[in-house]
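For the sequence shown, the numbering used here gives the first residue as 21, with consecutive numbering after it.
Backbone N, C-alpha and C define an ideal beta-carbon position, used for all residues, glycine too.
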Amino acid sequence: MSDLLVTDIGCLVTNEVTIDGTPLGVIYDAAFEVTAGKVSWIGSRSEVKASDYQKIVSANGKSVIPGFVDSHNHLVFAGDRATEFSARMQGQPYAAGGINYTVEQTRSASNEELRKNTVALVSEGLSSGTTTVEIKSGYGLSVADELRSLEIAREFTEETTFLGAHVMPTEFKSAPEDYVAMVCGPMLDAVAPHAKWIDVFCDRGAFSPNQTRQILTAGIAKGLLPRLHANQLEPGEGIQVGVEFGAASVDHISHFDDSDIAALANSNTVATFLPGAEFSTRSKYPDARPMFAAGIKVAIASDCNPGSSYTTNMPLMIALAVREMFFTPEQALWSATKGGALALRRNDVGHLAVGAKADFSILSSTSYLHLAYRPGVNLVEQVWRNGNQVS
Ligand code: NIG
Ligand code: FE
């Protein structure tokens with residue numbers, strides 16, 4: 021007996037190329053079965069064998085998609101930066117330095133306040149279809165505050181990332197090498213048991229390529245896996261440093277050239293675009309087409325944080341990627357699901373196939389195209405994780 025049958029699915033996105041030969045692997049008039057939180061059968065509705073199910077859910081002819089895998093977020097922080105946003109909309113440029121305001125707020129917040137804010141943001145993402153979320157530290161920037169940030173992040177996800185190298189904290193401005201030594205030493209020692217990933221903001225006003233190399237080397241020696249914030253604010257070596265270290269993903273990549281494309285094309289590193297950051301910093305959107313043309317694996321994520329992208333909404337990321345970064349609607353949906361999973365080196369999420377986690381959303385539209393076609397409209401009707409309805 022199976023736990024669940026989801027049936028009468030007008031359009032089921034599986035992300036299994038074998039199913040219809042396209043990357044989205046769409047099955048029309050589909051159904052699937054869930055046993056112990058995983059997909060145990062998937063196919064055409066006409067092939068469902070009458071059997072015992074504890075529960076039968078009808079999608080009423082609507083679309084079902086894999087849960088979004090939001091692979092880049094900063095959710096442990098206090099306060100907001102609405103006035104900074106407002107100033108930007110009146111012409112102020114975005115700069116890495118604004119992060120230190122959130123660091124002050126975060127340091128003086130209690131664990132309970134930080135946890136409450138994280139709960140709210142994770143639930144917000146869940147209700148718009150995000151079933152796997154990555155969470156970074158990076159607003160503590162002291163041993164104790166990075167540690168508690170990661171301890172809190174771990175309560176929500178196994179995809180936790182140590183971002184002690186977010187910016188130089190104010191008290192280390194005149195001794196940056198001392199801060200790098202602290203990140204690579206006592207801070208890393210304290211946080212390593214609570215983090216899967218190590219990340220560095222390698223950009224203007226943050227960390228240099230050589231500091232980035234030093235920090236990634238130390239993190240890898242401690243068993244953490246590398247990923248990077250690269251080339252958000254200006255062209256630079258970030259993407260190439262990421263590839264050099266075998267990073268699972270290089271993120272932002274608002275600036276890239278042919279040599280960056282060549283490096284990514286010969287690697288296993290995912291190129292992650294964060295359209296919410298361009299939106300909220302009023303920056304020029306990169307054109308993703310050369311990445312796709314080179315066969316590079318692409319992801320999109322929301323980059324939820326109080327400075328550059330205060331949203332958890334993956335459908336909005338899809339709409340922006342399509343409208344502003346020249347993704348096709350199919351590429352955008354794939355990047356928000358399977359692409360995010362690859363960026364986290366996960367093969368149990370981001371697709372729907374026998375053995376995968378039963379993480380999925382039922383949309384209120386018959387076509388997944390509506391995710392880009394109806395921007396700002398809440399189309400996610402139900403969200404299921406591990407075969408249980410969670411929203
Ligand atoms: O990914 N770019 C660096 N870090 C964040 C922004 C953090 C902030 O402004 O508070 C990002 O966009
Ligand atoms: Fe970020």
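Note on the region 267-337: whole alpha helix (DSSP H) runs with a minimum of 4 residues are 278-285, 295-301 and 309-313, in chain order. With contacts defined as CB atoms closer than 7 Å, lysine 82 and leucine 383 qualify as a contacting pair. Segment contact: the region 325-344 against the region 52-64, fewer than three CB-CB distances shorter than 8 Å; contact not assigned. Set against 6 Å, the gap from the CB of aspartate 323 to the closest heavy atom of the ligand FE is smaller.
Per DSSP, reduced to three states, the secondary structure at serine 130 is coil, with no helix or strand assignment. Counting along the chain, the unbroken beta strand (DSSP E) around arginine 405 starts and ends at 400-405. Phenylalanine 192 sits in a helix when the DSSP states are folded into three classes. Taking each of Thr237, Phe276 and Gln260 in turn and checking the Cα distance to glutamate 254, the smallest one comes out for Phe276. Comparing C-alpha distances from phenylalanine 293 to each of Ser287, Leu146, Ser329 and Val261 shows the shortest one belongs to Ser329. Residue side-chain check: histidine 249 places its Cβ nearer than 6 Å to a non-hydrogen atom of the ligand NIG. Here phenylalanine 227 is actually not in contact with proline 246; their C-beta atoms are around 13 Å apart, not less than 8 Å.
Contact between the region 131-147 and the region 356-376 is not established, with fewer than three Cβ pairs separated by less than 8 Å.
Around the beta carbon of isoleucine 62, 16 or more other beta carbons sit within 10 angstroms, so the residue counts as buried. Within the same chain, Phe97, Gly99, Asp100, Arg101 and Thr122 come within 7 Å of proline 326 by CB-CB distance, once the 5 residues on both sides are set aside. In the three-state scheme derived from DSSP, where H, G and I count as helix and E and B as strand, aspartate 219 is classed as strand.
Using a 10 angstroms sphere on the CB of isoleucine 76, the tally of other CB atoms stays under 16, which defines it as exposed. The Cβ atoms of valine 318 and serine 355 lie closer than 7 Å to each other.
When the Cα atoms are used, glutamate 166 and serine 106 turn out to be separated by approximately 29 Å. Beta-bridge analysis with DSSP links histidine 249 to Phe221 and Asp271.
For alanine 291, the closest C-alpha among the options Leu248, Thr42, Gln231 and Phe88 is that of Leu248. Collapsing the DSSP output to three states places proline 86 in a strand. Cβ contact annotation for methionine 311 (same chain, cutoff 6 Å, sequence separation greater than five): Ala291 and Val318, in chain order. Cβ atoms of valine 369 and valine 84 stay farther apart than 8 Å, at about 15 Å. According to the DSSP assignment, phenylalanine 97 belongs to no alpha helix (DSSP H), since it is labelled neither H nor E. If the five residues before and after aspartate 28 are omitted, its C-beta is found closer than 7 Å to the C-beta atoms of Arg65, Ser78, Ala79, Asn80 and Gly81, all from its own chain and listed in chain order. Here valine 187 carries a coil assignment [DSSP, helix/strand/coil]. In the displayed model, tyrosine 48 falls within a strand according to three-state DSSP.
For glutamine 252, the shortest C-beta to heavy atom distance toward the ligand NIG is below 6 Å.
Boundaries around aspartate 28 are those of the beta strand (DSSP E), 22-33, since no alpha helix (DSSP H) includes it. Judged by the Cβ position, isoleucine 155 fails to qualify as a neighbour of the ligand NIG at the 6 Å threshold, every heavy atom of the ligand being at least this far. The residue from Ala250, Val26 and Ala56 with its alpha-carbon nearest to that of glycine 375 is Ala56. Between the ligand NIG and the CB of glycine 118, the shortest heavy atom gap is smaller than 6 Å. In this structure the region 377-396 does not touch the region 177-191; the number of beta carbon pairs closer than 8 Å is below three.
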